[in-house]
Amino acid sequence: MRPPAAGKGKGGGKGFGKGGKGGTGGKGKGKGFREPEGPPEQMKIVGNFMHTAEDMMICSVALKPMMIPHFNAGIWTQDKSKIGKIDDVFGRVDDVMFSVKMEAGMDAASFKKGDAVHISTDKLLPLFRFTTPAPGKGKGKGKGKGKGDGKGKGFGKGKGFGKGKGRF
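Be aware that the sequence shown starts at 790, since it is given in the working numbering, and climbs by one per residue.
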């Protein structure tokens, strides 16, 4: 078996193939970094418990101004006991809710309506990140005019290309 060509495969060679920067290494998919599992240093009330659904908590976001929690962000009690992780974020822009997949040993039914749940302050995004278009992504001038067929060599309505011949 011969070695992979330069710039292809899992590193090796002078090129920059598939996420590696030459030499040895993997494909650069970001594996290996995990966030600490302990409670966060700074927390803030993210929402209030509403009800349970399929062994999960359903909570409404109670932040003013409106902030949206990250998916898979840890949810905590006030005394820094982990409740679970955010499974889904849903609802209208002015009435955002989220579901929490419970941690082992936690029971969603043990919470009362209105109980506050907390999140790390660095696991929140401002609402405008979801409602305003990204800069430069608006209407542009566009490219070309119409479909672009019928001009150029060989592929138009000219002779030599009949129907059903398997070409283009």
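All residues carry an ideal CB built from backbone N, CA and C; glycine is no exception.
Taken through DSSP and simplified to helix, strand or coil, Lys912 comes out as helix.
Under the DSSP assignment, Phe919 falls in the alpha helix (DSSP H) whose first and last residues are Phe917 to Thr920. For Leu913, the closest C-alpha among the options Gly863, Phe838, Gly903 and Met839 is that of Gly863. Each residue's CA atom was taken as its position, placing Lys833 and Phe887 some 16 Å apart.
Residue pairing by DSSP places Met856 opposite Pro915 in a beta bridge. Check the Cα spacing between Pro828 and each of Gly873, Thr921 and Arg881: the tightest is with Gly873.
In this structure, DSSP gives Ala898 a helical state, which the three-state scheme calls helix.
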